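Chemist:
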Amino acid sequence: MLHLKSLACRAFRVGRSVRGLILLAVLGPAAVATAQTTPCTRDLDVDGHVSGSDLAEILLGYGTCPPAGARCPSDLDGDGQVTGADIAEVLLGWGPCSAPQWATVLEWAPDPAVIYDSNLRADISQTHLPWRVRDTGTGIEMVLIPPGTYIRGCTRSNSYSCNSNESPTHQVTLTQPFYLSRTEVTQAQWVAKMGSNPSSFKNASSAVPASQVPNRPVETVSWNDIQPFCTATGMRLPTEAEWEYAYRAGTTTAFHGMPDYLNGTNQDGQLGTIAWFHINSGVQTRPVGGKAANGLGLYDMSGNVWEWCQDWYGTYASGAQTNPTGPGSGSYRVLRGGRWFDDSSYCRASTRVTYSPGDRDGGVGFRVARTP
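Numbering (the working numbering), first residue to last: 2 to 373.
1) Find the nearest neighbour of residue 257 within the set 117, 87, 371, judged by alpha-carbon distance.
2) Report the residue ranges of all alpha helix (DSSP H) runs contained in full by the stretch 175 to 202; include only those spanning at least 4 residues, in chain order.
3) Span of the alpha helix (DSSP H) holding residue 312?
4) What does a CB cutoff of less than 7 angstroms around residue 45 pick up in its chain, not counting 5 residues either side in sequence?
5) According to DSSP, simplified to helix, strand and coil, what is residue 228?
6) Tell me whether residue 368 sits in a helix, a strand or coil according to DSSP, three-state version.
7) In the DSSP assignment, find the unbroken alpha helix (DSSP H) run with residue 91 in it and report its ends.
8) Looking at C-alpha atoms only, which residue of 211, 161, 214, 219 is the closest neighbour of residue 186?
9) Taking the C-alpha atoms as reference points, what is the distance between residue 108 and residue 119?
10) Over the uninterrupted alpha helix (DSSP H) stretch that includes residue 243, give me the two end residues.
11) Residues bridged to residue 49 by DSSP?
12) Between 329, 115, 49, which lies nearest to residue 99 when the distance is taken from Cα to Cα?
13) Could you have a look at residue 362 and say whether DSSP puts it in helix, strand or coil?
14) Just reading off the beta strand (DSSP E) that residue 275 is part of, what are its end residues?
15) Give the straight-line distance between the Cα atoms of residue 413 and residue 373, rounded to the nearest whole angstrom.
16) Three-state secondary structure (DSSP) at residue 287?
17) From residue 312 to residue 92, what does the alpha carbon distance come to, in whole angstroms?
18) Where do the ends of the beta strand (DSSP E) carrying residue 104 lie?
Structure representation (structure tokens):
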């Protein structure tokens with residue numbers, strides 16, 4: 002073990018110079034041939050590079066995972082032990098990690114000031130994908146939403162009970178990570194791809210100067226209108242299950258986490274911290290990102306404009322579901338989140354409303370998702 006710790010220190014100091022030495026002298030060709038993972042799986046410290054610090058993590062954890070047979074971060078091949086095969090994985094992936102081809106990486110590791118739940122940070126890091134990226138084709142900033150399980154459905158606030166279509170509550174598991182835009186799609190982002198601006202609120206006001214109008218969310222767009230935008234950008238709408246999971250960000254309350262209420266709250270009087278709604282909006286949409294984000298770094302999940310989801314509308318099943326996508330057909334699509342002239346009831350995590358896919362409304366916009 003002393004020999005391994007010495008190698009770890011040397012790897013951290015000199016990086017690439019030890020790679021060939023360890024591959025030939027310590028591992029041998031058989032161990033090298035077993036490498037199975039993708040490059041960023043080996044980036045244990047999530048800094049965007051596979052380097053000496055990752056090799057040090059492997060060497061310092063050498064041996065059987067605790068408890069015996071359990072998976073641990075340094076056990077890259079999943080055999081319950083940290084061995085030469087795991088060292089080989091790191092060495093074969095040496096260098097910068099591969100980001101999604103459509104993305105410019107802004108931050109690899111989740112920022113604790115934004116992702117304040119340590120469990121969520123760990124879940125994001127375990128995907129070995131960059132946390133915060135910018136879509137190079139549109140300039141839309143996106144954050145990674147990790148896989149996870151939550152209880153979907155009725156969460157009442159102190160002032161409002163649930164609607165019948167929010168029940169029964171049921172467990173939902175999402176098995177794959179996805180990227181979601183940090184804000185609703187703006188008028189500027191829409192116009193850049195679609196050429197014209199359908200929005201009702203496309204002029205300056207006493208509350209929104211002309212310079213900020215392009216940062217208002219695009220609205221008065223139907224579900225059908227959005228499909229050419231998605232085709233042109235390679236993006237998609239989130240499923241309803243993805244949307245609620247992302248809204249909650251680990252909370253179980255009516256309204257997601259915010260300063261002073263990191264675990265969320267049921268207090269309607271706190272909604273103004275995270276949302277533009279009928280009390281504070283001034284009867285208009287506001288530039289995106291003006292209120293506090295949730296625990297995944299997403300803005301305006303409550304209020305400003307309703308957000309289209311991909312799903313056809315359907316009643317909830319009572320049993321647990323994995324990666325639900327809604328009915329295969331229907332008459333109405335689902336919207337979530339509430340809008341600038343709604344009361345707090347419509348801004349709750351579990352509120353669902355429906356529109357025909359061809360309907361346009363001055364309070365309806367969207368945010369986009371991408372599968373890595």
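Ideal placement from N, C-alpha and C gives every residue a C-beta, glycine not left out.
Bear in mind the structure is a predicted one, so any value in this text is a computation, not a measurement.
Modeler: The short version:
1) Ranking the options by Cα distance to residue 257, first place goes to 117.
2) Counting only runs of 4 or more, we get 188 to 195.
3) First-last for residue 312: 307 to 313, but that is the beta strand (DSSP E), not the alpha helix (DSSP H).
4) The answer, listed in chain order, is 55, 58, 74, 75.
5) Correct three-state label for residue 228: helix.
6) Three-state DSSP puts residue 368 in coil, outside helix and strand.
7) 85 to 93 is the span of the alpha helix (DSSP H), which, as asked, contains residue 91.
8) Here the closest residue by C-alpha is 219.
9) Put simply, the backbone Cα of residue 108 is about 17 angstroms away from that of residue 119.
10) Where residue 243 is concerned, the enclosing alpha helix (DSSP H) stretches over 241 to 249.
11) Residue pairing of residue 49 in beta bridges, as defined by DSSP: absent, with no partner found.
12) If we check each option's Cα against that of residue 99, 49 comes out closest.
13) Shown here, residue 362 sits in coil according to DSSP, grouped into three states, outside any helix or strand.
14) No beta strand (DSSP E) contains residue 275, which DSSP labels as neither H nor E.
15) Past the boundaries of the shown model lies residue 413; the chain is included only from 2 to 373, so the question cannot be answered.
16) The DSSP-derived three-state label of residue 287 is coil.
17) Cα-Cα distance, rounded: 43 angstroms.
18) Looking at the DSSP string, the run of the beta strand (DSSP E) that includes residue 104 is 104 to 108.
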